Structures are given as C-alpha cells and as structure tokens.
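Q:
Protein chains: 2
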Amino acid sequence: MPDFDLMRKLVLPSNRRIILLVLDGLGGLPRQSDGKTELEAAHTPNLDRIAQAGITGLSNPIGRGITPGSGPAHLALFGYDPIRYEVGRGVLSALGVGFDLEPDDVAARGNFCTVDERGVITDRRAGRIPSEIGVELSKLLDKIEIEGAETFVRPVKEYRFVLVLRSLGLSDRIPDTDPQQVGLRPLPAVAEVPEAQRTADLVNTWIAKAKAALADWRPANMVTLRGFAQDPALPKFPEIFGLKPAAVAVYPMYRGVARLVGMDVIPVEHPISNEFQTVADNWDVYDFFFVHVKYTDSRGEDGDFEAKQAVIEEVDQALPILLDLEPDVLVVTGDHSTPSQLKSHSWHPVPTLVWAPETVRSDAATAFGETECSRGGLGIFPATELMPIALAHAQRLAKYGA
Amino acid sequence: MPDFDLMRKLVLPSNRRIILLVLDGLGGLPRQSDGKTELEAAHTPNLDRIAQAGITGLSNPIGRGITPGSGPAHLALFGYDPIRYEVGRGVLSALGVGFDLEPDDVAARGNFCTVDERGVITDRRAGRIPSEIGVELSKLLDKIEIEGAETFVRPVKEYRFVLVLRSLGLSDRIPDTDPQQVGLRPLPAVAEVPEAQRTADLVNTWIAKAKAALADWRPANMVTLRGFAQDPALPKFPEIFGLKPAAVAVYPMYRGVARLVGMDVIPVEHPISNEFQTVADNWDVYDFFFVHVKYTDSRGEDGDFEAKQAVIEEVDQALPILLDLEPDVLVVTGDHSTPSQLKSHSWHPVPTLVWAPETVRSDAATAFGETECSRGGLGIFPATELMPIALAHAQRLAKYGA
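As you go down the protein sequences, you meet chains A and B in turn. All residue numbers for the first sequence refer to my numbering, where the first residue is 2 and numbers rise by one. All residue numbers for the second sequence refer to my numbering, where the first residue is 2 and numbers rise by one.
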C-alpha cells in the first residue's frame, strides 16, 4: 500500500478530477466456446477506445491467490492495506443493510437457530427460514429494550440479522456466542478485556430477552451472535489524498465502506446511466468520484455469462456520460473477479485501465479484456497502488525530494 | 511471502490435490545458433499442451538479481521468505549428505586444510584432496570420542566434510574457526553468548583430537569449521497450508529441506519415471506432492546444453504418469536457473506454469519456455507466492472478509 504519510506530504491543491469506476466482480474466466471472458465477449466500443488510448494492467486486491470479500476489496481500491485495516464482520454486516453506525456502536452478526428443550442447538440456521420470516422475527427483536444501551435489530437474509448496541464506552472485545456446531448450547457473551465487561453483560441481558421473545416460535427459537465489531476509525481518505470525494453507489454495503473512509455518499438509484448522470450533476462539488456498479457481480454469482456480459455492455453504452465530463483521470476496474463459471468471488486478478489524456503512457492494448490487460503497461500490481497512480496522472502529487 | 496467519485462517479442508514439480535449475539462457534456451529447444509436447491450457509466468526465488542456493530456493517454493527463514550452512550441509539431524544437534561445515610446523595455514583446502581421501579422513575423524557429546563426521566432496555435535542444550552461536586466509592459525571456537560456552569448549576439545588424528597426514593435517547451525525450527508446512504433503526426491539435500518444513519423505530412486510412479503409488495418502528432478541442474552445471535439454525431454515423456492422476493443480517450475552457458546457478527468473483445468484463467502462451513465460498471465512474481496461487486454484482457500 502507499505510504500515507508520504501521500499527505506530496498531495497538491488542484481542481483536476478523478473518476474511479468500479464494476463489481468484473474479472472473469474464459468460456469454452471461444476462450473469451464476459468482458472480452462484451461489445464495448467505448471501453476499448479508452483502453487503447490509456494504459492497462491486472490488479490484485488482497494478494495473489486470495479471494476478497467486498469490504476488504474496496478498502484496497481506496488505497488501504486490507490486512492491516481490517473491518470487523459485525460492522460490514451493519453497513450491508444500510445501518448508520455511530463511533461507539457495537455491531454483531446474528443467526436465528433452533434449540431443544435443554437449550442445546439442533440447527445452527433454524432450517434456513425464508427471508420473510427473518424480517418478521427481526422486527420482534428490534422491540427489545434493555437498561444501559439502545439496541437495534435489522434483518439481513433468511436466518441472518444484525444486532447493534448503542451506548458510550462500549467495547467489541467479545468472542462469538455461536459454538459453531450442533449439540452444544449457545455460549454466553464474555469479556476478553475488563473494558468489555459491561458490554458483555448488556449482550447477555439482550440474549435472555431475545430467547424469551422467540420462545413460542419454531424452528427459530434462539439466536447466536458473531463478529462483534466497532467502527475501526480508519484514517480518512480526504485527509490522506487531499481530495473531496463522493461515493455514487446503489447498494448499502458500498456506501457504508465509502462512509467508513470519510467519503460523502450521494443517494442514487439504478440504472447505471442514472448513476453516471449523478456524477455529472455533482461534477462541480467534488474532485473524486467513486462510482459503483453492482450487477456485474450479481450476474456472475448467478452463473449467467450472457447477463454479466450485458451489464458490461450497459456500462459501455452509458460511458459517454462520464467521458463528456472530460475527467482528468478515469480508472475503470473491479473490486475482484466473479467468473460466472465459478458463481462466486475469485482470486483472479482484475482487469484495470487508467485513462488520462494528458499524462498517460499508453501500451499496446487495443481493447479492454483480461488477456490484453495481462500484457498491459501497468503490469500485475496491488490494487492499493491505484490511488497514487490516479493522483499522479491527475498531476496532484508533488515531486519527492529535490 | 504469504502471510502465514492469513493462510492458517483461510485454508479449507479439502481432498483436492496439488503437485509441485520442480525441475532443478530449469531456467536457461538463449544459445547463439537459434536464440533458444534448453527448455525452448527441448521437444516437450506435454508441457507445451498444459502451458497452453494453463497460465504461465516467471518466478523470482529470492529477489531480482539474487542467485539462490538450493536450500533457500526450495524454501521459497514452499512459501517461506528465504531471507527471513535462514537455514544455517551447517544444517544445509548435513541435510545434503542425508544426515538425520535432531533438534538440539549443532552442525558445521568442515574443511581439511594444511598447516605448517607453527600451526599456520598454508593451504585452506589441503591441495583440494580427491574425494576418496576425504572419505577416508572423515572416517578417521568420525571415530573421535569426546566427553559430554556424541560427534559425527560425514564426508561431503573433496576437502569438505560435515561435523555434527549431539547433546542436549547445545548452542550454535559460535563464529567460524576458518580465518579465511592463509598465513594465520585456525581460530579457536569461541562463544558469542554465555549459553554457547559449553558448546565452544566441546568443539575445541574435538578440534584438538582431530589435529592429533591428522598429525601424520599430508597435505590434510588440520581442519577449520564454518557455519555452525541448528535446526531452525521453521513453522510447519502442513499446519500453515492445511495440507498433507509428501516429498519425492532422489537427492538428500532436497529431502532434508522438505523434512525441515514438516513434509513426509518418500524414498525413491532414479529414473524420473520412477519418481512420477511413486507419486501415483501414494496418490491416496497425500494431497500435496513435491516432486524434485535433479539432473536439469546437474547437466546445466556441466555446461552441457543438449544433455540438459534431454533431461527436460525425459520429464516430458514421463509427464503422462502425473497427468493421468488428474491432479486438481499441477505446478511445473524450477528452484532457480542454471544456464548451461554459465555452468552455475543464476539469478534469472524461472519459467513457471500452473495447470488447473477447473479454475485457471489461461494466457496466450502456446508453449513452455522463458520467452512465452515472460509475457504470461502470472507476470513476474516472487516464488513465495506460488503456494497461495496453487491453493487458490485447488479451491482450498476461503474468502477473506465479507
């Protein structure tokens, strides 16, 4: 990752603008028929044109061979070493449902589970209850009140929910209450450090009330909690990179990570052209735009090659909205690969292009695709290095040394 | 190198199998006549086919420009930073002659040398006595007995031998007794730390007896000792990477390094097809096979281009034995380059291919060779990254973060 102190020292005041366009899960694998990935199969005259004029490469979000989750992958794109700056799972879950965390809040992932008359877990996921039941039960638990803290419960999906405790002086140093196997009772919340004792007590009080509230329900008659976490108080992106950044994203998770690093979040709805238009509408207010396109990843996870290809084509068709703004630097990349053949995130490095008409040293790439990028002028590089590369091409970094 | 704690956290239980096939000293330099290296000149239809289907690159064992010894080069292939995890020279020498070191043993490299009547060194290598004399003199020294420790002497080659001291509570914090130039007396063994005093005393007692035993011999009438070292107690490969690994190697040195990281060693003899058959015979017992082919390096060191080429062709002919096992991942690489033009190890990065039918993003390589690999989809990368790459392609690593 870039040296943040060095960045702080080198950044220059400037009104040159950078767009970081992230196509979630962009990278793919070659299909059997013609050896093309989704990106290579897509008809993308605009992306191809800026790939030809710009410079390309492959980025590794976390490290070679490591498959990233969305949280760490985005931190990497924002320049943060995602191993060093770990965001706890409870916080990521809260961000994922759009919950507005305050600095002292403690968030945890929750599972509805099934226990027998002795209180022993017989199903860790309560028979994978449908999301509608999960929503209803979360509303029930959200009504719980305990002394000494506010509590909030939000549904995630199926048997999963998020619990947030709000009070000053809380601590997240509490191990999971999920024993990770059936045949055991849920564990009580315990404090790993003395400062966490009050929080553990509050959690146990809440668990007792949750158990009572669920007593008459089947199969979801109990809960377990995992990944207790607080806002990691990351160093802030505007202060490190000397930028006024805005996040344009449809999904709560990505808005949440952007907010964690100190970006302003501009509310926006699908479709992609609307996201791009939102950048245009705010062009004079910010000098850095993180624009997030979700559905490349979603269609990859569906295993639908053509549908992922179609999302990429939709991006390409809308791209002139961004190009007409004449950004000084446009970076197009993904946070990770989601090959439709694997139906999941993967470790394969991510096609990346940097377009900067005034300053780029272009390479031999004639189109935007994995194979072209693998021979591109940026090489194969850590995603955390994209920020200094983008700043440099925007001529926003001073010389180091005389 | 990969973060071992991260690896431990991400590894998944699995029965998918990985073969790491190491052709010692594989990399070469282009010959004058047609600009081909040994690997490029070799007729290798099987390697070319899997290079085409897989992904290629060039690996740097230690760092750019650094020529590796065999020990560090193999540690790198196993995922260990060879600078951080240094294995002392005495230990490498003992492993090289197949000596079975115990945890507290102290091993040192020995030289027979010539001293004059004042005890001053006149030849640091005793006129490079032939190996037969070295064997005979080593047998003589192996008979020495001292109080407080067992001692062992094994011949290496010509004027070189290995000394091992065995007793509980020994220390290797002893500088060389070799003064590195003629005209000086051999140095006494001294302790660098108080815990090494007893060991230094034992060594000096042994040296006195060795001097007496050699008194009537010429030119080898004295010894010097270098590289005192103990088993470095490396973190263990099975525990870091969640694998059950076996080493299939003909030479003691490579078996020894494999044993240092906690691999099982399967005894095997030449030829190469026999090594590959040994993998087949043990296919159900292990999920990771390190297979070592020695003679690519030996023929490179001989300076014999065609003979090295022929060893590569022998590997290619036997390769179907491994391919028929349908490994989930097959990595073919070298531990370093040994260009026959240089007749020695070199720093040139090493051609590497990863073949993984289910998960690989193939590149444009159509054959296995240095030039193709230099444009390959893996790029030019540290050899220590091969393990996470191999694990990822075997789908043995969980996602990092949510």
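Heads up, the beta-carbon is just placed ideally off N, CA and C, and yes, glycines get one too. All figures in this text were calculated on a predicted structure; none of them were measured in a lab.
Going straight from the alpha carbon of A:D179 to that of B:N16, what length do you get?
A: Residue 179 of chain A sits at position 178 when you count from the first residue of the first sequence. Residue 16 of chain B sits at position 15 when you count from the first residue of the second sequence. Approximately 27 angstroms between the Cα atoms of the pair.
Q: Give the single residue among B:C114, B:L21 and B:D25 whose Cα lies nearest to the Cα of B:S299.
A: The residue labelled residue 299 of chain B in the question sits at position 298 within the second sequence. Checked all of B:C114, B:L21 and B:D25; the closest Cα to B:S299 is B:D25.
Q: Using beta carbons (cut-off 9 angstroms, strictly below), is B:T372 in contact with chain A?
A: Position 371 of the second sequence, counting from 1, holds the residue named residue 372 of chain B. B:T372 does not count as touching chain A.
Q: Any idea which residues DSSP pairs A:N61 with across the strands?
A: Counting from 1 along the first sequence, the entry for residue 61 of chain A is found at position 60. A:N61 is bridged to A:P383.
Q: If B:E373 and B:A366 are in contact, beta carbons under 8 angstroms, what's the gap, nearest whole angstrom?
A: For this step, residue 373 of chain B is matched to residue 372 along the second sequence. For this step, residue 366 of chain B is matched to residue 365 along the second sequence. Their Cβ separation, rounded to whole angstroms, is 4 angstroms, which keeps B:E373 and B:A366 in contact under 8 angstroms.
Q: To the nearest angstrom, how far is the alpha carbon of A:A216 from that of A:A74?
A: For the purposes of this step, residue 216 of chain A is identified with residue 215 of the first sequence, where counting begins at 1. For the purposes of this step, residue 74 of chain A is identified with residue 73 of the first sequence, where counting begins at 1. Taking the straight line from one Cα to the other gives about 40 angstroms.
Q: For a contact defined as C-beta to C-beta under 9 angstroms, what are the partners of B:R9 on chain A?
A: Taking the second sequence and counting its residues from 1, one reaches residue 9 of chain B at position 8. The premise fails here: B:R9 is roughly 13 angstroms from chain A at the closest Cβ pair, so nothing lies under 9 angstroms.
Q: Candidates A:G170, A:D49 and A:D4: which alpha carbon is nearest A:L354's?
A: Here residue 354 of chain A refers to the residue found at position 353 when the first sequence is read from its first residue. That would be A:D49, whose Cα lies nearest to the Cα of A:L354.
Q: With 9 angstroms as the threshold, decide whether the Cβ of B:A221 is near any Cβ in chain A.
A: Locating residue 221 of chain B in the second sequence gives position 220, where the first residue counts as 1. B:A221 does not count as touching chain A.
Q: For a contact meaning CB atoms closer than 8 angstroms, what does A:I67 contact in chain B?
A: Working through the first sequence from its first residue, we reach residue 67 of chain A at position 66. Ordered by position in chain B, the residues that pass the 8 angstroms Cβ test against A:I67 are L7, L11, P389, A393, L398 and Y401.
Q: Of all the CB atoms in chain B, is at least one closer than 9 angstroms to the CB of A:H293?
A: Counted from its first residue, the first sequence places residue 293 of chain A at position 292. Not one chain B Cβ lies under 9 angstroms of A:H293.
Q: Could you name the residues of the same chain whose beta carbon sits closer than 6 angstroms to that of B:P187, not counting the 5 residues immediately before and after it, in chain order?
A: Along the second sequence, read from residue 1 onward, the residue named residue 187 of chain B stands at position 186. Excluding sequence neighbours, B:P187 sits near T178 and T225.
Q: Pair every Cβ in the stretch 188-204 of chain A with every Cβ in the stretch 76-85 of chain A, then say whether three or more of these pairs are closer than 8 angstroms.
A: The stretch 188-204 of chain A, when compared against the stretch 76-85 of chain A, does not touch it at the 8 angstroms Cβ threshold.
Q: In the DSSP assignment, find the unbroken beta strand (DSSP E) run with A:I19 in it and report its ends.
A: Counting from 1 along the first sequence, the entry for residue 19 of chain A is found at position 18. Unbroken beta strand (DSSP E) run through A:I19: I19 to L24.
Q: Put A:A230 into one of helix, strand or coil per three-state DSSP.
A: Translated into positions along the first sequence, residue 230 of chain A becomes position 229. Correct three-state label for A:A230: strand.
Q: Quick one: Cα of A:K295 to Cα of A:V262, how far?
A: Along the first sequence, read from residue 1 onward, the residue named residue 295 of chain A stands at position 294. Along the first sequence, read from residue 1 onward, the residue named residue 262 of chain A stands at position 261. Roughly 20 angstroms separates the two Cα atoms.
Q: Based on the DSSP output, what are the partners of B:W356 in its beta bridges?
A: Numbered from its first residue, the second sequence carries residue 356 of chain B at position 355. The partner list for B:W356 (beta bridge, DSSP) reads B:L331.
Q: Would you grab the beta carbon distance between A:G29 and A:L40 for me? Rounded to a whole angstrom, and I think it's under 8 angstroms.
A: Within the first sequence, numbered from 1, the residue matching residue 29 of chain A stands at position 28. Within the first sequence, numbered from 1, the residue matching residue 40 of chain A stands at position 39. The pair is a contact, with the Cβ atoms about 6 angstroms apart (cut-off 8 angstroms).
Q: Does the distance from the CB of B:A127 to the CB of B:N222 come in under 9 angstroms?
A: Position 126 of the second sequence, counted from the first residue, corresponds to residue 127 of chain B. Position 221 of the second sequence, counted from the first residue, corresponds to residue 222 of chain B. Yes, the Cβ-Cβ distance between B:A127 and B:N222 is below 9 angstroms.
Q: For A:F113, which option in A:H337, A:P389, A:P156 and A:V88 has the closest C-alpha, if you only look at C-alpha atoms?
A: In the first sequence, residue 113 of chain A corresponds to position 112, counting from 1. Among A:H337, A:P389, A:P156 and A:V88, the Cα nearest to that of A:F113 is on A:P156.
Q: Please classify A:Y401 as buried or exposed, where buried requires at least 16 other C-beta atoms within 10 Å of its C-beta.
A: If you number the first sequence from 1, residue 401 of chain A lands on position 400. So A:Y401 ends up on the exposed side.
Q: Three-state secondary structure (DSSP) at B:I241?
A: Locating residue 241 of chain B in the second sequence gives position 240, where the first residue counts as 1. In this structure, B:I241 counts as helix in the three-state DSSP scheme.
Q: Please state the DSSP three-state secondary structure of A:R300.
A: Your numbering for residue 300 of chain A matches position 299 in the first sequence. Of the three classes helix, strand and coil, the one that applies to A:R300 here is helix, per DSSP.
Q: Just to confirm, is the Cβ distance from A:I208 to A:P189 under 9 angstroms?
A: As a position in the first sequence, residue 208 of chain A is number 207, starting the count at 1. As a position in the first sequence, residue 189 of chain A is number 188, starting the count at 1. Yes. Within cutoff.
Q: If I follow the unbroken alpha helix (DSSP H) through B:P156, where does it start and stop?
A: For the purposes of this step, residue 156 of chain B is taken as the residue at position 155 of the second sequence. Counting along the chain, B:P156 falls outside any alpha helix (DSSP H), though it belongs to the beta strand (DSSP E) covering E151 to K158.
Q: Taking CB distances under 9 angstroms as the criterion, tell me whether B:S15 reaches chain A.
A: The residue you call residue 15 of chain B lines up with position 14 of the second sequence. By this cut-off, B:S15 is not an interface position.
Q: Using CA atoms only, rank isn't needed, just tell me which of A:L398, A:T339 and A:S345 is closest to A:E371.
A: Here residue 371 of chain A is taken as the residue at index 370 of the first sequence, counted from 1. Out of A:L398, A:T339 and A:S345, A:T339 has the C-alpha closest to the C-alpha of A:E371.
Q: Here's a check: name, in chain order, each residue in its chain whose Cβ is nearer than 8 angstroms to the Cβ of A:R90, leaving out the five neighbours to either side.
A: In the first sequence, the residue the question calls residue 90 of chain A occupies position 89. Counting only Cβ-Cβ distances below 8 angstroms, and skipping sequence neighbours, we find R110, R227, G228 and A230.
Q: With DSSP as the reference, label B:T225 as helix, strand or coil.
A: Counting from one through the second sequence, the residue named residue 225 of chain B turns up at place 224. The answer is strand: DSSP assigns B:T225 an E or B state.
Q: Quick check on A:A74 - is its C-beta less than 9 angstroms from some C-beta in chain B?
A: Position 73 of the first sequence, counting from 1, holds the residue named residue 74 of chain A. Yes, A:A74 lies at the interface with chain B (some Cβ there is under 9 angstroms from its Cβ).
Q: For a contact defined as C-beta to C-beta under 8 angstroms, what are the partners of B:P239 on chain A?
A: The residue labelled residue 239 of chain B in the question sits at position 238 within the second sequence. Going along chain A, no residue has its Cβ under 8 angstroms from B:P239, so there is no contact; the nearest lies around 18 angstroms.
Q: Do you know whose CA, among B:V116, B:M264 and B:G58, lies nearest B:E240's CA?
A: As a working mapping, residue 240 of chain B is identified with position 239 in the second sequence. Checking every option, the nearest Cα to that of B:E240 belongs to B:M264.
Q: Is it buried or exposed, A:P195, if we count other Cβ atoms within 10 angstroms and call 16 or more buried?
A: Position 194 of the first sequence holds residue 195 of chain A. It counts as exposed.
Q: Let me check understanding here. Comparing Cα to Cα, which of B:T360, B:S345 and B:G72 lies closest to A:S350?
A: Here residue 350 of chain A corresponds to residue number 349 of the first sequence, with the count starting at 1. Residue 350 of chain A is actually Pro in this sequence, not Ser. Looking at the Cα atoms, B:T360 is the closest of the given residues.
Q: Does the distance between the C-beta of A:S34 and the nearest non-hydrogen atom of the ligand NAP fall short of 8 angstroms?
A: Only the bare structure without any ligand can be found here, which leaves the ligand NAP out of the picture.
Q: Mind checking if B:P176 is an interface residue toward chain A, Cβ cutoff 9 angstroms exclusive?
A: On the second sequence, residue 176 of chain B is found 175 positions in, with the first residue counted as 1. Answer no: the Cβ-Cβ gap between B:P176 and chain A never drops below 9 angstroms.
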